[in-house]
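For reference, the structure is listed below as structure tokens.
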Amino acid sequence: MAATLSGLFYIPHILMSWASHPEYSAAQYVEIGMFFVIGGLTGVLADDERMQRKKVEETAHKLSDVYAQLQASFEQLRRADRLSALGELSAGLAHEIRNPLGSVEGAVQILCRHELPTETRQEFGDLAQKEVNRLKGLLTNFLDFARPQTPKRVPTEPSQLLESVSKLAAETAKMSGTKVRIESTGGGPTVSIDPEQMKQVLLNLVINAIQAMPAGGEVVIRAAREADFVVLEVQDAGVGIPAEDLERVFNPFVTTRADGTGLGLSIAYQIVSQHGGHITAHRNPERGMTFRVTLPLGSEANLPETVLQEENRA
Numbered sequence: 016m017a018a019t020l021s022g023l024f025y026i027p028h029i030l031m032s033w034a035s036h037p038e039y040s041a042a043q044y045v046e047i048g049m050f051f052v053i054g055g056l057t058g059v060l061a062d063d064e065r066m067q068r069k070k071v072e073e074t075a076h077k078l079s080d081v082y083a084q085l086q087a088s089f090e091q092l093r094r095a096d097r098l099s100a101l102g103e104l105s106a107g108l109a110h111e112i113r114n115p116l117g118s119v120e121g122a123v124q125i126l127c128r129h130e131l132p133t134e135t136r137q138e139f140g141d142l143a144q145k146e147v148n149r150l151k152g153l154l155t156n157f158l159d160f161a162r163p164q165t166p167k168r169v170p171t172e173p174s175q176l177l178e179s180v181s182k183l184a185a186e187t188a189k190m191s192g193t194k195v196r197i198e199s200t201g202g203g204p205t206v207s208i209d210p211e212q213m214k215q216v217l218l219n220l221v222i223n224a225i226q227a228m229p230a231g232g233e234v235v236i237r238a239a240r241e242a243d244f245v246v247l248e249v250q251d252a253g254v255g256i257p258a259e260d261l262e263r264v265f266n267p268f269v270t271t272r273a274d275g276t277g278l279g280l281s282i283a284y285q286i287v288s289q290h291g292g293h294i295t296a297h298r299n300p301e302r303g304m305t306f307r308v309t310l311p312l313g314s315e316a317n318l319p320e321t322v323l324q325e326e327n328r329a
């Protein structure tokens, strides 16, 4: 519009200024025509730009509303998920407590009989004590799971970590006729971890591996560097975990053992996650399991996509 008005105001000026030069009249009218063309095009482009800007603003407003709705829905899902997880956790804890409590109650009822011989009293007294100790262990594990400790990181050599875990598991392995073998290059890079917490993780995996081979066998623990990560593995040739249970193996109170609490792997998962790492479980081609712990060499790092893909495949 402004360009068109400028062209109209410019017409008298051209006619008056160039009246004495008729040879320029054609050029004058072409110039006037150009003003109108430019004015028209400018107006069309300005209107189009204004409409596009309005559409963008409307779209941005709609996207903002949709984002707010998604956030609200996400929060609702998170609350529902937390409630569901809390319900499952409570049910699992109640189930694990109910069994030993039933045993203790039965033992106490029998012990209340005055005619019982000393040997029988001793037997049921030992049973009650065993179940009480089991309850104490369950509550200790549950508190470790519910209130995880912040890792106290120090530079640690993976090979020394494996040696320490092997010594801690030596007596259990000897009693079950199992051998623990270490595979490590030694002298590799140090990793910033809490050595005591990581010992707890690896020892739990090694003990599980030993218990998975009641007839004896070999447990292999290894450490290796892969790019900017240290990988720790515990491999056994035991009974393995059913494929349908693999995706739940790190959930609390999930266990395949009658005397297991189902919290060991959950605590291991929590500890590894606090270290910025990841733990996965894989069925071996022939038999048994391999648990793989991937830890960043730095104190904080993102895991490579391949590690996350491995978990999904597991």
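Residue 99 in our numbering is what sits at position 84 of the sequence shown, and the numbering runs on without skipping anything. Cβ atoms here follow ideal geometry from the backbone N, Cα and C, with glycine treated the same way. Since the structure is predicted, the reported quantities are computational estimates derived from the model, not experimental observations.
Continuous beta strand (DSSP E) stretch holding residue i: start and end
{"i": "VAL249", "result": "244-250"}
{"i": "THR295", "result": "293-298"}
{"i": "THR263", "result": "Just to set this straight, residue 263 is Arg in the shown sequence, not Thr. Where ARG263 is concerned, there is no enclosing beta strand (DSSP E), given that its DSSP letter is neither H nor E."}
{"i": "THR193", "result": "193-199"}
Contact test: residue i Cβ vs the ligand NAP heavy atom, cutoff 8 Å
{"i": "TYR284", "result": "The model on display carries no ligand, and the ligand NAP is accordingly not part of it."}
For residue i, the three-state DSSP class (helix, strand or coil)
{"i": "LEU312", "result": "coil"}
{"i": "MET228", "result": "coil"}
{"i": "ARG128", "result": "coil"}
{"i": "GLU301", "result": "coil"}
{"i": "VAL234", "result": "strand"}
{"i": "ILE112", "result": "helix"}
{"i": "ARG256", "result": "According to the sequence as given, residue 256 is Ile; it is not Arg. Looking at ILE256 - three-state DSSP - the assignment turns out to be coil, as it is neither helix nor strand."}
{"i": "THR321", "result": "Its pLDDT being 41, under 50, THR321 is placed unreliably in this model, and the value from its coordinates should be taken loosely. The answer is helix: DSSP assigns THR321 an H, G or I state."}
Contacts around residue i, its chain only, beta-carbon distance under 6 Å, and the 5 residues preceding and following it disregarded
{"i": "GLY279", "result": "ASN219"}
{"i": "GLN212", "result": "PRO166, ILE286"}
{"i": "ALA122", "result": "PHE139, LEU142, ALA143"}
{"i": "LEU3", "result": "There is no way to answer for residue 3, as the model of the chain reaches only from 16 to 329."}
{"i": "GLN194", "result": "For clarity, residue 194 is Lys in the given sequence; the question names Gln instead. Answer for LYS194: GLU233, listed in chain order."}
Proximal residues to residue i (C-beta, below 7 Å), its chain only, five neighbours per side dropped
{"i": "VAL254", "result": "ALA227"}
{"i": "ARG168", "result": "SER207, ILE208, ASP209, SER314"}
{"i": "HIS290", "result": "PRO166, ILE208, LEU310"}
{"i": "VAL180", "result": "LYS214, LEU217, LEU218, VAL221, ILE236"}
{"i": "GLU320", "result": "At GLU320 the pLDDT is 41, less than 50, meaning the model places this residue with poor confidence and gives no usable figure here."}
{"i": "GLY363", "result": "Residue 363 lies beyond the residue range present for the chain, which begins at 16 and ends at 329; the question has no answer from this structure."}
Endpoints, the alpha helix (DSSP H) within which residue i is located
{"i": "ILE282", "result": "279-289"}
Same chain only: Cβ atoms within 8 Å of residue i, ignoring 5 sequence neighbours per side
{"i": "GLN215", "result": "ILE282, ALA283, ILE286"}
{"i": "ARG136", "result": "LEU126"}
{"i": "PRO170", "result": "THR205, VAL206, SER207"}
{"i": "ASP63", "result": "none"}
{"i": "ALA258", "result": "ARG298"}
Cutoff 9 Å: residue i Cβ touching any chain B Cβ
{"i": "LEU247", "result": "In the structure shown, chain B does not exist; there is a single protein chain."}
What are the start and end residues of each continuous beta strand (DSSP E) run of 3 or more residues lying completely inside the stretch 137-185, in chain order? 169-171
Are at least three pairs of beta-carbons, each pair with one atom in the stretch 114-121 and one in the stretch 134-151, less than 8 Å apart? With a cut-off of 8 Å, the stretch 134-151 and the stretch 114-121 count as touching, because enough Cβ pairs lie within range.
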